[in-house]
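Presented below is the structure to which this report refers.
Chains as they are written, first to last, in our numbering: chain G, 1 to 349; chain V, 1001 to 1349; chain B, 2001 to 2349; chain D, 3001 to 3349.
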């Protein structure tokens, strides 16, 4: 893709939250990345020092990197700090890294919204670093202007549900194909890795296997992120219903939209195909096919399909992603590539 | 419940399709039913003669009944023939049994709709016995007038998806709480036992596990059944999206409806609670809870929950059932109880 | 089976640990038991007061019983106290109940071994009530003399692994068919419900699904229980290797034994068939079949199969049980039936 | 690792069986292999022409290769033909490719044993090309002399179970640590992908999920392959019991061996650690740890652990592999690397 720099010329990257699920995928992707040199790994505050390969068995034999405890007030130094940490840790560590002149790519929800008041309403906390919100660039790979990401000192990697929902809906929203007076339903289903390695009764095998449940209504934190991405009032009629699947990985957003006057399902399909034709990470399935988790799992892809409804007044647009890759780590690498001026595909395809 | 008859006075019942998944549940429920005597079991046409306990391990030690091959032109004789067979087999066997004066309870889709033309459009076949459609009673337990079922010679047991969707939506539809101009989305998820024991690539473990996919759009056969049940034009804006879950059993219908003018989510909840208050098989969860498969699996219950949406313009009503029980066999026993004048709970609670 | 007493004449039973998985199965089985009246339910010490149907959704509509916090020093009063509690709680509660003249059926490991010193070595604790060990009757249903259970004041319900292993091996051990100088391997696999509802990282869906791991070597507490059951020195060469399966329920013990001189695999099969011919809860599969979890799950059965090895010097005897039923609650009901002089099948078949 | 050739200088490789599960992994690994150029893909005889990325979604955007129907009498031409096809197809295609001067790497069972009579007894067929058996090199990566593989015109890639069992046991067998008079039990558990994409009732989700069953006794075809690998009479007392797990991928072989006189478990551990110390694909876990599927899944590794038993007379050695990688495709790449004189790790680490 782009000419590969020598090891000395590579961009130094530190990863915090490297002991988590998304963090592990980041390490795996970046140890093979030709433009990047991993300068340091950190876990969470208080986490023990551990070889990355002991935490993530897939790394055995591939790296000797060691994850150290994270001090959010003094995160590891590097040209770019990648944060796969909880919101509060990210907010603090990002501030510290920016203050000393570094750049930050954050996978948490801390910098995805612009209005500080939204955090209290939807996230349940007062934002600890509201002054940073304005400068953060929301990096929806393939949609956000790459020049903005290239220039940004702080990039917010999108949430997993918003990535899938917006990939499905943005081409139609942007083209005016969706009736703003109609109901817009995003019925989404995610594997449990969306909750990371949280140890709680609801994530036990005995609770998750052979089960499926909606959760988070009516105030899931990804609701305002989807609404903000759609803009233009479409968010007012948004109904977002996340479900937990009996699966470890993968996320499917099944979106139903009422077509604006004059639009047919075939028009909508054409618009979606046109929008994503040249994107290396969005696959649009042929007519008659809708995506399943298996289309996307283990890949950096978003896989989109569209179906008409009996009356042709609505379309169903479904998008599948691997929540830990396109919904987290591989989209972060896309953003990282843009930040360092490399080809967006570098290290991924 | 009702006084138990002696064995000689019990109603004789024959079960066809007894080697299938729903058929096996019917046998399990009816061998313990105090008013019923199983006169005969039949499998499918051409199926070998096998002890029921060899086909269904849970029956070992509980019955010596043997399943024989089914001749649809001459199904086993009994006061009531219960058919857990494919549509075409059901249509033929029902005709034969009715012709000789028997009564029929059919679990297939053959007699659920009234208009013969609908079958060609939605089911993909010309109905083989259109003259029987008019007399068939659609037995949505808890909703259909029990006197109709008591008198019926042919009862059509509802489909699994319609049972869940209509249990969720009927109280609101009947009360005028749903805006007929709004989109009505039924996003449903089912375990694979909904497809019975069909041997096909899409039902292999390697395809189903850790996967989830929408299917059947835009013309799933349960769409007109749900639309017919809702009546009053609500079906025109119905979008029904079934999904296959990585689970064996259980079905969840997540329904989004726009409230009619003047209705609040609290009104809607009150209406649902009122409608199902005395039903022994419908459990309405407390405010703040939505059902999961585990609420209903292994039980004859439908479990309903309601959540508001951020704007309060819509409600999400979810209903979980065990697709092989409330979605098939246990609802059939409810109907059978009504057919023989017994308490609806007999043999189930 | 046995003539049913009036409600007043039924035996009163209290269940402690009723909020656990095995406890929930006990409640389910005993609310339908014709000779038993549930006098009280208790959870664990400190557990909140909750309706049993809220804890165990399958009980909704079937019982109004409420589970109260357990005080091990003063467990609920009843003719028989059934304990589905951890060892230490069981030891205390059993002592208290026996002291006031009650009888006890304990599902924990507290009273399964005779020698107090074994507890320190294998269970990791000093036995808190060693004086009770001698009087406890180890109730391996179908093997222990029923008259002993009938008379016992304290019955220890066997562990799940020992139940499966001993059902597989006891007929051969008793007949002298196993070479005591040969290695005896019990390679066992269990679903996660064997660990109850323990909230720990190793029981998260993300750790259990699509995984399988041996654990507990070399000192799993069920090792001495199996060895004690086999007697006669066979335990000296026992290798017991439990594995955790990616399944909620079910347990399979795959046992390999070297045949004693003069024994053929056919002799071994004949012996096993003879031993279990009249047992209502042990199913011996036909030649050529080995059991799977699905043979037993959801049933009170132990399902046994035998296969020869290429050299015919060894036999493989496998036994499948539902670990929560035959491995816990339904075997407890068998023992309870014996304790009250009822037919062993009462409430189960 | 080794200096990378230009694209023209790469070794041309054709893959037959590219539409299967192991074939898909081969394609994925080889499109990224720096020394290899994929000349052609073929499916099975009669399989339709399809883009590889349509069959294997993970390849989307990574290759335009098309799989064509396979004619076993005239397989695609290349310096090396890799066969991921059934035995009979492999036997014919290998003969054809060798006859015209090519080299063959076969992943089927057709060339793993030396004695043609063994095939009739264990595989159930008369070997169609017995003259090829002698020249075939059994390529157990890390064990077979690499110079033999380098020179071989026909390499047989080991079976999945033998790979795990021999990796666990060979160091002890070679050192004389195993008592040849003792029973040697290989209790193995495999995910369903071991059966490829076979469409049969026993591989349906509804049969596999929440289930576990032993199968293939007493004459599983991998028995003689393990026995042959162990040599020295150890195979005479081998008991090999494969089980099907409710998992898609991964294989665990839990092996129990009686130690030869004078050996302790610590000696055995030292021997295993010594044997695999420098192997890039075998990880030996620290004392106290046994492997799970998750240690190996998705990696080219075999992960080994050892535990003592209470009497210290036996050891339990467990080995986990990804059955489609170390048990098939990645081990094939190891062998391919040896065949072309490249570093064994090339394309894998």
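Note that CB positions come from ideal geometry on N, CA and C, so glycine has one too.
Beta-carbon separation (whole angstroms), residue i vs residue j, contact threshold 8 Å
{"i": "residue 26 of chain G", "j": "residue 332 of chain G", "result": "6 Å"}
{"i": "residue 3314 of chain D", "j": "residue 3256 of chain D", "result": "6 Å"}
{"i": "residue 3297 of chain D", "j": "residue 3250 of chain D", "result": "5 Å"}
{"i": "residue 3050 of chain D", "j": "residue 3074 of chain D", "result": "With a Cβ gap of about 20 Å, residue 3050 of chain D and residue 3074 of chain D do not count as contacting."}
{"i": "residue 2166 of chain B", "j": "residue 2229 of chain B", "result": "4 Å"}
{"i": "residue 2163 of chain B", "j": "residue 2327 of chain B", "result": "5 Å"}
{"i": "residue 1253 of chain V", "j": "residue 1168 of chain V", "result": "6 Å"}
{"i": "residue 3116 of chain D", "j": "residue 3089 of chain D", "result": "Contact flag wrong, Cβ pair sits at about 18 Å."}
Three-state class that DSSP yields for residue i in the structure shown
{"i": "residue 3107 of chain D", "result": "coil"}
{"i": "residue 3184 of chain D", "result": "strand"}
{"i": "residue 156 of chain G", "result": "strand"}
{"i": "residue 1285 of chain V", "result": "coil"}
{"i": "residue 51 of chain G", "result": "strand"}
{"i": "residue 304 of chain G", "result": "strand"}
{"i": "residue 116 of chain G", "result": "helix"}
{"i": "residue 2193 of chain B", "result": "helix"}
{"i": "residue 1199 of chain V", "result": "coil"}
{"i": "residue 2259 of chain B", "result": "strand"}
{"i": "residue 2161 of chain B", "result": "helix"}
{"i": "residue 1215 of chain V", "result": "coil"}
{"i": "residue 231 of chain G", "result": "coil"}
{"i": "residue 2268 of chain B", "result": "helix"}
{"i": "residue 1138 of chain V", "result": "strand"}
Continuous beta strand (DSSP E) stretch holding residue i: start and end
{"i": "residue 2012 of chain B", "result": "2011-2016"}
{"i": "residue 3242 of chain D", "result": "3238-3244"}
{"i": "residue 2327 of chain B", "result": "It is not in any beta strand (DSSP E) - residue 2327 of chain B carries neither H nor E in the DSSP assignment."}
{"i": "residue 1038 of chain V", "result": "1036-1042"}
{"i": "residue 2321 of chain B", "result": "2314-2321"}
{"i": "residue 67 of chain G", "result": "66-68"}
{"i": "residue 98 of chain G", "result": "No beta strand (DSSP E) holds residue 98 of chain G; the alpha helix (DSSP H) holding it covers 87-99."}
{"i": "residue 340 of chain G", "result": "Neither: residue 340 of chain G is in no beta strand (DSSP E) and is coded neither H nor E."}
{"i": "residue 81 of chain G", "result": "80-83"}
Where the alpha helix (DSSP H) through residue i begins and ends
{"i": "residue 3029 of chain D", "result": "3021-3031"}
{"i": "residue 3293 of chain D", "result": "3293-3296"}
{"i": "residue 2178 of chain B", "result": "It is not in any alpha helix (DSSP H) - residue 2178 of chain B carries neither H nor E in the DSSP assignment."}
{"i": "residue 3146 of chain D", "result": "3146-3151"}
task = Kindly confirm or deny that the region 3175-3194 of chain D and the region 3127-3134 of chain D touch, where touching means at least three C-beta pairs closer than 8 Å.
result = no
Members of the region 1267-1283 of chain V near chain B, C-beta cut-off 9 Å = For the region 1267-1283 of chain V, the beta-carbon criterion of a distance under 9 Å to any beta-carbon of chain B is satisfied by 1280, 1281 and 1283.
request  = Examine the Cβ distances between the region 1007-1027 of chain V and the region 1080-1090 of chain V and report whether three or more of them are shorter than 8 Å.
outcome  = yes
message = Along the region 296-311 of chain G, where does the CB come closer than 7 Å to a CB of chain D? Name the residues.
response = 298, 299 and 301
inquiry  = When you compare the region 3153-3173 of chain D with the region 3264-3274 of chain D, are there three or more beta-carbon pairs, one atom per stretch, that lie closer than 8 Å?
reply    = Yes, the region 3153-3173 of chain D touches the region 3264-3274 of chain D.
key: Near-chain D residues of the region 46-58 of chain G - C-beta to any C-beta below 8 Å   = 57 and 58
query = Name the residues in the region 207-233 of chain G whose C-beta lies less than 8 Å from a C-beta of chain B; which are they?
reply = 207, 208, 209 and 210: these are the residues of the region 207-233 of chain G whose beta carbon lies less than 8 Å from some beta carbon of chain B, given in chain order.
query = Would you call the region 3151-3165 of chain D and the region 3111-3118 of chain D in contact, with 3 or more CB pairs under 8 Å?
reply = yes
request  = May I ask you to list, following chain order, the residues of the region 2241-2257 of chain B that have a beta carbon less than 7 Å from some beta carbon of chain G?
outcome  = 2248
ask   = Are at least three pairs of beta-carbons, each pair with one atom in the region 1182-1195 of chain V and one in the region 182-202 of chain G, less than 8 Å apart?
value = yes
inquiry  = Against chain V, which members of the region 2056-2090 of chain B pass a CB distance test of less than 8 Å?
reply    = Those residues of the region 2056-2090 of chain B that come within reach of chain V (Cβ to Cβ, closer than 8 Å) are 2057, 2058, 2060, 2061 and 2062.
message = Residues of the region 2003-2037 of chain B in Cβ contact with chain G at a cutoff of 8 Å, in chain order, please.
response = 2021
task = May I ask you to list, following chain order, the residues of the region 2311-2331 of chain B that have a beta carbon less than 8 Å from some beta carbon of chain D?
result = Cβ contacts with chain D come from 2311, 2313, 2314, 2316 and 2318.
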